[in-house]
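Residue numbers (the numbering used here), protein chains in the order written: chain E, 127 to 248; chain Y, 127 to 248; chain F, 127 to 248; chain A, 127 to 248.
Note that the Cβ used here is the ideal one computed from N, Cα and C, for glycine as well.
Notes follow the structure.
Number of protein chains: 4
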Amino acid sequence: MEFKENQTIYLQIGDYVCEQILLGRWNEGDRILSVRELGVALEVNPNTVMRSFDFLQSNEIIFNKRGVGYFVEENAKTKIIDYRRKQFLEQELPVIFKTMNLLGMTIEDINVQYNSYLKSIA
Amino acid sequence: MEFKENQTIYLQIGDYVCEQILLGRWNEGDRILSVRELGVALEVNPNTVMRSFDFLQSNEIIFNKRGVGYFVEENAKTKIIDYRRKQFLEQELPVIFKTMNLLGMTIEDINVQYNSYLKSIA
Amino acid sequence: MEFKENQTIYLQIGDYVCEQILLGRWNEGDRILSVRELGVALEVNPNTVMRSFDFLQSNEIIFNKRGVGYFVEENAKTKIIDYRRKQFLEQELPVIFKTMNLLGMTIEDINVQYNSYLKSIA
Amino acid sequence: MEFKENQTIYLQIGDYVCEQILLGRWNEGDRILSVRELGVALEVNPNTVMRSFDFLQSNEIIFNKRGVGYFVEENAKTKIIDYRRKQFLEQELPVIFKTMNLLGMTIEDINVQYNSYLKSIA
DNA sequence: GTGGTCTAGACCACC
DNA sequence: GTGGTCTAGACCACA
């Protein structure tokens with residue numbers, strides 16, 4: 127896996143795990159990959175993966191059974207989506223709107239971009 | 127000046143200088159504040175300012191006359207805007223669109239948000 | 127390590143690292159000395175070493191793994207040699223030839239000098 | 127006039143004046159341009175030109191008549207050429223030869239380059 | 001342990 | 001006065 131430069135790796139791993147949960151790779155109650163396995167898979171130090179799991183656990187996305195592994199919490203999907211939606215509306219969108227104004231772009235320009243985006247992933 | 131926590135100071139200073147150029151405080155060919163003056167103004171070490179100027183110079187926003195000072199490059203404004211617009215279209219928007227899809231939001235939802243944003247800054 | 131007076135230290139460190147790579151001390155993909163270690167070895171402030179590494183990284187000679195260290199890029203050797211050769215052919219040689227003409231020297235004079243140089247290092 | 131980055135301006139001005147003398151623009155005994163005139167011509171601070179003249183005077187290339195101007199010394203040409211030849215043989219050539227070896231180039235390669243150089247200026 | 005950033009202060013060459 | 005370089009030392013996030 128390739129990591130972005132402007133965000134710390136363990137947070138990107140956290141996002142990755144959430145993504146996998148949303149995509150249904152691991153359902154609620156399922157055991158996810160071990161720290162070591164995921165470390166190998168992502169070519170990352172297990173300590174770094176551990177930190178991600180810590181983070182996810184403190185956000186009640188996963189929980190730990192000692193000696194067994196990490197498991198997906200009940201309602202994990204809902205929590206992830208709620209969190210992301212809040213983040214998106216309150217943090218990301220305002221910045222985007224501000225940038226739009228600075229660059230002299232209108233909501234119409236965004237519409238155009240969005241349509242070509244939809245085509246690109248179709 | 128107050129600095130954000132999640133981005134390094136010298137980059138924020140770089141943004142600040144670009145902003146001042148866009149706003150017309152320094153026009154193309156003008157000499158900008160010296161490393162020391164800007165350091166005092168922003169309550170920051172001159173070395174940190176120097177690092178910003180280094181960065182801006184390598185991006186051809188400003189240039190240096192030895193023993194004289196730093197000056198705004200020709201076409202600096204265009205370069206700044208072009209860079210930001212490119213960054214916005216290629217880096218930020220796709221991420222936004224992807225997030226929208228993940229969260230099941232449509233372009234209409236964005237419109238609604240945008241309108242309330244416009245009211246909030248009016 | 128002793129440094130020349132007419133060139134800034136961090137560039138000399140950059141040259142030093144390139145030299146070590148060319149000599150095979152560090153091969154492509156290898157981790158090089160840490161900022162601190164090299165600072166101690168060359169009796170130089172770690173900040174100065176960092177500046178060298180910054181420079182080498184921007185020239186794609188080395189790259190960084192956060193929290194791990196700096197590593198030699200693929201094709202670093204080729205890049206170094208290409209860069210030096212280009213520098214030599216386009217920058218240094220024309221100056222030499224111009225000086226030769228100004229001083230009324232011929233390519234034969236250079237030959238003579240070269241032969242005595244070869245003897246001196248034999 | 128455009129100045130190189132890796133050498134200080136006043137030395138480049140000194141070289142420029144020597145060049146003009148060698149080329150016969152100013153002969154021995156002639157008055158050269160004033161500090162102010164040359165400053166304007168080269169788009170440089172008169173102080174900087176002054177420093178060059180200081181340097182040239184201390185090397186007995188030019189001399190000063192107070193209130194009148196700077197004049198080319200007797201034997202200035204010879205002095206310049208002797209100085210440059212010495213510089214060339216003892217300082218520049220050895221470096222060139224060392225670089226050649228490092229890059230795996232032979233004196234033959236130099237010959238080829240020289241021939242194409244001769245054509246380029248013909 | 002690693003790199004990265006910032007400060008404070010010094011010294012230099014240069015304009 | 002200007003920028004440029006270097007040192008010493010601190011602190012931080014990260015692996």
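Can residue i and residue j be called in contact, C-beta distance under 8 Å?
i, j, result
"F223 (chain F)", "Y240 (chain A)", "yes"
"C144 (chain E)", "I206 (chain E)", "yes"
"K203 (chain F)", "I147 (chain F)", "yes"
"V194 (chain E)", "N153 (chain E)", "no"
"I135 (chain F)", "V161 (chain F)", "no"
"Y196 (chain F)", "R157 (chain F)", "yes"
"F181 (chain E)", "T225 (chain Y)", "no"
Could you check the C-alpha separation between residue i and residue j for me, to the nearest Å?
i, j, result
"L229 (chain E)", "G140 (chain Y)", "18 Å"
"A167 (chain E)", "V175 (chain E)", "11 Å"
"Q183 (chain A)", "P172 (chain A)", "16 Å"
"K191 (chain E)", "I236 (chain Y)", "41 Å"
"G155 (chain F)", "E186 (chain F)", "13 Å"
"R177 (chain F)", "E163 (chain F)", "14 Å"
"Q138 (chain F)", "E131 (chain F)", "10 Å"
"P220 (chain Y)", "L219 (chain A)", "56 Å"
"E200 (chain A)", "R151 (chain A)", "15 Å"
"E216 (chain Y)", "Q133 (chain E)", "18 Å"
"M231 (chain E)", "L159 (chain Y)", "31 Å"
"F129 (chain A)", "I247 (chain F)", "36 Å"
"G165 (chain E)", "N227 (chain Y)", "29 Å"
"F179 (chain E)", "F179 (chain Y)", "40 Å"
"Y142 (chain F)", "Y142 (chain A)", "33 Å"
What does the Cβ neighbour count give for residue i, buried or exposed, with the cut at 16 atoms within 10 Å?
i, result
"S242 (chain F)", "exposed"
"V238 (chain A)", "exposed"
"M127 (chain E)", "exposed"
"L149 (chain Y)", "exposed"
"L244 (chain Y)", "exposed"
Taking only heavy atoms of the ligand NAD into account, decide whether any of them is closer than 7 Å to the Cβ of residue i.
i, result
"Q146 (chain Y)", "For the structure depicted, the ligand NAD is absent and the ligand set is empty, with no information on it obtainable."
- Message: What are the residues in the stretch 132–162 of chain E lying within 9 Å of chain F by C-beta distance?
- Response: Of all residues in the stretch 132–162 of chain E, only T134, I135 come within less than 9 Å of chain F when Cβ atoms are compared, listed by chain position.
- Message: Threshold first: 3 residues or longer. Then list the beta strand (DSSP E) segments lying entirely within the stretch 152–192 of chain Y, N to C.
- Response: Taken in chain order, the complete beta strand (DSSP E) segments of 3 residues or longer contained in the stretch 152–192 of chain Y are 188–191.
- Could you give the uninterrupted runs of the alpha helix (DSSP H) lying entirely in the stretch 187–231 of chain E, keeping only those of 4 residues or more? Within the stretch 187–231 of chain E, the complete alpha helix (DSSP H) runs of at least 4 residues are 202–213, 219–228.
- Message: Tell me which residues of the stretch 197–225 of chain F have at least one Cβ-Cβ distance to chain A shorter than 8 Å, keeping chain order.
- Response: Only I207, R210, R211, F214, L215, E218, L219, P220, I222, F223, T225 from the stretch 197–225 of chain F bring a Cβ to less than 8 Å from some Cβ of chain A.
- Quick one, which residues of the stretch 179–195 of chain A are near chain F if we go by CB-CB under 8 Å, in chain order? The stretch 179–195 of chain A vs chain F, Cβ under 8 Å: nothing.
- Proximal residues, the stretch 166–178 of chain A versus chain F, C-beta separation under 9 Å: In summary, no residue of the stretch 166–178 of chain A has a CB separated from any CB of chain F by less than 9 Å.
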